[in-house]
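Protein sequences, first through last, are from chains P and E.
Residue 280 in the numbering used here sits at position 277 of the first sequence, with consecutive numbering throughout.
Residue 73 in the numbering used here sits at position 70 of the second sequence, with consecutive numbering throughout.
C-beta: ideal position from N, C-alpha, C; glycine also.
2 protein chains.
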Amino acid sequence: MNISRHLKIRASGKYLPDKCILSSELEEKLGLPRGWSLKYSGVRERRHVEEESNADLAVGALKQALQRAQLNLGDIDLVINASATFDYILPFQAAFILESFPLKKHQSIAAMDINSSCLSFISALEVANSLLQNEQYQRIAIVSAEVSSKGLNPDDAECMTLFGDGAAAFILEKGSSSDIEVCKSGIKTYPEGFHYSIIKGGGNKYFFKDYTYDPLLHSFSMQGKKLLRLVKRKIPEFFDSFFKDESFGINDVDILIPHQASKAGLTIFQSLYPDFKGLVYSHLETHGNCISASIPMCFHEVLEKGMIQKEQHCLLSGTAAGLAIGGLLLKF
Amino acid sequence: MNISRHLKIRASGKYLPDKCILSSELEEKLGLPRGWSLKYSGVRERRHVEEESNADLAVGALKQALQRAQLNLGDIDLVINASATFDYILPFQAAFILESFPLKKHQSIAAMDINSSCLSFISALEVANSLLQNEQYQRIAIVSAEVSSKGLNPDDAECMTLFGDGAAAFILEKGSSSDIEVCKSGIKTYPEGFHYSIIKGGGNKYFFKDYTYDPLLHSFSMQGKKLLRLVKRKIPEFFDSFFKDESFGINDVDILIPHQASKAGLTIFQSLYPDFKGLVYSHLETHGNCISASIPMCFHEVLEKGMIQKEQHCLLSGTAAGLAIGGLLLKF
Numbered sequence: 004m005n006i007s008r009h010l011k012i013r014a015s016g017k018y019l020p021d022k023c024i025l026s027s028e029l030e031e032k033l034g035l036p037r038g039w040s041l042k043y044s045g046v047r048e049r050r051h052v053e054e055e056s057n058a059d060l061a062v063g064a065l066k067q068a069l070q071r072a073q074l075n076l077g078d079i080d081l082v083i084n085a086s087a088t089f090d091y092i093l094p095f096q097a098a099f100i101l102e103s104f105p106l107k108k109h110q111s112i113a114a115m116d117i118n119s120s121c122l123s124f125i126s127a128l129e130v131a132n133s134l135l136q137n138e139q140y141q142r143i144a145i146v147s148a149e150v151s152s153k154g155l156n157p158d159d160a161e162c163m164t165l166f167g168d169g170a171a172a173f174i175l176e177k178g179s180s181s182d183i184e185v186c187k188s189g190i191k192t193y194p195e196g197f198h199y200s201i202i203k204g205g206g207n208k209y210f211f212k213d214y215t216y217d218p219l220l221h222s223f224s225m226q227g228k229k230l231l232r233l234v235k236r237k238i239p240e241f242f243d244s245f246f247k248d249e250s251f252g253i254n255d256v257d258i259l260i261p262h263q264a265s266k267a268g269l270t271i272f273q274s275l276y277p278d279f280k281g282l283v284y285s286h287l288e289t290h291g292n293c294i295s296a297s298i299p300m301c302f303h304e305v306l307e308k309g310m311i312q313k314e315q316h317c318l319l320s321g322t323a324a325g326l327a328i329g330g331l332l333l334k335f
Numbered sequence: 004m005n006i007s008r009h010l011k012i013r014a015s016g017k018y019l020p021d022k023c024i025l026s027s028e029l030e031e032k033l034g035l036p037r038g039w040s041l042k043y044s045g046v047r048e049r050r051h052v053e054e055e056s057n058a059d060l061a062v063g064a065l066k067q068a069l070q071r072a073q074l075n076l077g078d079i080d081l082v083i084n085a086s087a088t089f090d091y092i093l094p095f096q097a098a099f100i101l102e103s104f105p106l107k108k109h110q111s112i113a114a115m116d117i118n119s120s121c122l123s124f125i126s127a128l129e130v131a132n133s134l135l136q137n138e139q140y141q142r143i144a145i146v147s148a149e150v151s152s153k154g155l156n157p158d159d160a161e162c163m164t165l166f167g168d169g170a171a172a173f174i175l176e177k178g179s180s181s182d183i184e185v186c187k188s189g190i191k192t193y194p195e196g197f198h199y200s201i202i203k204g205g206g207n208k209y210f211f212k213d214y215t216y217d218p219l220l221h222s223f224s225m226q227g228k229k230l231l232r233l234v235k236r237k238i239p240e241f242f243d244s245f246f247k248d249e250s251f252g253i254n255d256v257d258i259l260i261p262h263q264a265s266k267a268g269l270t271i272f273q274s275l276y277p278d279f280k281g282l283v284y285s286h287l288e289t290h291g292n293c294i295s296a297s298i299p300m301c302f303h304e305v306l307e308k309g310m311i312q313k314e315q316h317c318l319l320s321g322t323a324a325g326l327a328i329g330g331l332l333l334k335f
């Protein structure tokens, strides 16, 4: 079917909590040598919430995007929360974002959560584009807001130095031929890696009634080496399938915006694709891994800085707990 | 835009855990008069899991749907988990459903979670239909699987007698003109009702590190009267807007498949629309409220029983924690 796949980004926004945690502070606390975090995790500083909720971060990012678009919340038809962490088990987080927004009493907007862990923004962008093309909705806001800092094991140096908190929001409309073209999107799940990055406790499997709080059970845990080995094997398989029917391959991409998984994660791409000549954008050093908020925060920065030229191809891509690998290719 | 909105339901499936809890047992435990549950909650019996996970229920329903469609899991392009409860905080639940499926090693299917609490199936069906119409995917499975029983306060008679566990799965393809037509879908969120039905603890807001298990905090709690009052006010507003541009109204619907919220919730519809002549399907008495699984389980039963005739209109609709109200209108 001949469907226009042009998408208009009306505006985007970003929000970080105020509290900045320097790696040097963490290294002192954890008894690590000075410079360990930057060397191994790739992170010099990151933000952590103090009193703020996930929804507070989401509202911060969404407000900025709305201001820049000169719109009000009431001008949005659908709010998609595309995040892995949340404030309440029930109701869904998008409802709490609306509840946390000023002047909420007057709103009756459609809302839903979409979650594919670190790739939630890519899943949501795929869905939003489809709903806009079908004119099911006229204007959609996607918000990714992550509080990773609560779910970290304070004794786990690798995770403590890697993760940060933050949020980004995008306001989208169906575009015309002069707007961005969504060339391709796709996600694959490789469940053999399910247990390699996980928060075991807190759901129905290890229900909190039956398991009292234990940082080993209720924090994010990662089997880093096994995960990296699987990722290394699956990435070429994923991209081979992703670009199969396209007239060009990954080396023709101008700007890659990868999920800021870790220093090792970012290095894998470069080792697998040594001929890649495009720009690989990263803010890992100053933000850490902000789960699903990493890709849209980086995308927001790239747009802010005017780094993408007309006709250029931009690929949002990454890995996620699941294990999932995903990509979304845009032509500007 | 003139888009075909015809949808083919290849097959559906349903799965219930074995353990049946009679209301008479609960009434004895809770010191309630015999018959209280049926009278006030509308429930005579419901199923509760013993050892089963959310994913086990999901796999049970999905296996039945696949068998009936004479398909394998590998024939599915995208698995959407459309549920409110889950086994793990991270990764997302759809990945765990794939992990729990036999022969998982060979799969690399796209997967995501969609959550709008009790209306998750409606949100997922809206999204799946859009993705199929745009030929982004050829065949999508939606699975709603809920374990409500773990999140109940054992001293809360109203909730203990109301909720059940269960799952349903639908396999969908883009249809032709002889298939079902998706006439209309929509969800509205009214965040003023956010706190009326909630599980407070377990997310980042009341993080389990800071709040030890307390049935009052970590169970589902409902301000029933406030919720019903708000629902009563918002339902007419919702349906007025839903049917605004249609050539017919709610009284022209042949079969209503409502979320099995509660006896009082089902009564509201009848009191608001006394002229409604269509069939209102309910299995509340034998299943209880199974959160997001209620609507697709009822829909599956209605299809199984051949209750919908060609040319008839079927409306899936309900309320959800959020507060959200949603509907999806199908013409057979």
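DSSP places Asn-254 of chain P in the helix class (H, G or I) of the three-state scheme. Taking a cut-off of 8 Å on C-beta distances, the segment 173 to 183 of chain E touches the segment 6 to 18 of chain E, as three or more cross pairs fall below it.
Annotation note: the segment 26 to 77 of chain E contains the following uninterrupted beta strand (DSSP E) runs of length 3 or greater, listed N- to C-terminal: 48 to 50.
For Val-283 of chain P, the CB contacts under 6 Å within the same chain, skipping 5 residues up- and downstream, are Leu-259 in chain order. In terms of Cα proximity to Met-115 of chain P, the closest of P:Gln-96, P:Ile-202, P:Arg-50, P:Gly-77 is P:Gln-96. One thing to note: Gln-136 of chain E has its Cβ within 8 Å of the Cβ of Arg-8 of chain E. Comparing alpha-carbon positions, the option among E:Tyr-91, E:Lys-153, E:Glu-184, E:Ser-222 lying closest to Glu-314 of chain E turns out to be E:Glu-184. Residue contact check for Lys-208 of chain E against chain P: a CB pair falls below 8 Å. Using a Cβ-Cβ cut-off of 8 Å, Asn-137 of chain P counts as an interface residue toward chain E, since at least one Cβ of chain E sits closer than that to its own. Minimum Cα-Cα distance from Arg-37 of chain E among the listed residues E:Ala-296, E:Ser-44, E:Ser-26 corresponds to E:Ser-26. DSSP places Asn-118 of chain P inside the beta strand (DSSP E), whose first and last residues are 113 to 118. For Val-185 of chain P, the three-state secondary structure derived from DSSP is strand.
By the Cβ-count criterion, Pro-194 of chain P is buried, with 16 or more other Cβ atoms from all chains shown falling within 10 Å of its own Cβ. Note that the C-beta distance between Asn-75 of chain E and Leu-81 of chain E is not below 8 Å. The beta carbons of Ser-297 of chain E and Gln-263 of chain E sit closer together than 8 Å. Lys-153 of chain P is positioned such that its CB atom lies closer than 8 Å to that of Asn-207 of chain E.
For Gly-189 of chain P, a Cβ of chain E is located within less than 8 Å of the residue's own Cβ. Take Ala-72 of chain P, set aside five residues on each side of it, and the residues of its chain with a beta-carbon closer than 7 Å to its own are Arg-13, Ala-14, Ile-174, in chain order.
The beta carbon of Ala-113 of chain E sits closer than 8 Å to those of Asp-80, Leu-81, Val-82, Tyr-140, all from its chain and outside the five residues before and after it, given in chain order. By the Cβ-count criterion, Ser-151 of chain P is buried, with 16 or more other Cβ atoms from all chains shown falling within 10 Å of its own Cβ. Residue pairing for Arg-142 of chain E: DSSP places it in a beta bridge opposite E:Glu-176. Only Glu-129, Val-130, Ser-133, Leu-134, Gln-136, Asn-137, Glu-138, Gln-139, Val-150, Lys-153, Gly-154 from the segment 129 to 155 of chain E bring a Cβ to less than 8 Å from some Cβ of chain P. With contacts defined by Cβ atoms closer than 8 Å, Met-163 of chain E and Leu-29 of chain E form a contacting pair.
In the three-state DSSP reduction, Cys-301 of chain E falls in the helix class (H, G or I).
Cβ contact annotation for Cys-293 of chain E (same chain, cutoff 6 Å, sequence separation greater than five): Glu-149, Gly-167, Gly-169, in chain order.
Scanning the segment 220 to 265 of chain P from its first residue to its last, the whole alpha helix (DSSP H) runs of 4-plus residues come out as 227 to 245. Here Gly-309 of chain P is exposed. Its C-beta has fewer than 16 other C-beta atoms within 10 Å. Within the segment 100 to 126 of chain P, the residues whose Cβ lies closer than 7 Å to some Cβ of chain E are Leu-101, Glu-102, Lys-107, Lys-108, Gln-110, Ser-111, Ile-112, Ala-113, Ala-114, Met-115, Asp-116, Ile-117, Asn-118, Ser-119, Ser-120, Ser-126, listed in chain order. In the displayed model, Cys-293 of chain E falls within coil according to three-state DSSP, outside both helix and strand. Residues of the segment 36 to 65 of chain P with a Cβ closer than 7 Å to any Cβ of chain E, in chain order: Ser-56, Asn-57.
For His-9 of chain P, the pairing in a beta bridge is given by DSSP as P:Glu-184. For Ser-147 of chain E, the secondary structure class from DSSP, reduced to helix, strand or coil, is strand.
For the options E:Leu-231, E:Gly-63, E:Arg-50, E:Ser-188, the alpha carbon positioned closest to that of Phe-245 of chain E is the one of E:Ser-188. With respect to chain E, the C-beta atom of Ile-253 of chain P has no partner C-beta closer than 8 Å. For Gly-325 of chain P, the C-beta contacts it makes with chain E under 7 Å involve Pro-94, Phe-95, Ala-98, in order along the chain.
By the neighbour-count definition (other C-beta atoms within 10 Å, threshold 16), Arg-236 of chain E is an exposed residue.
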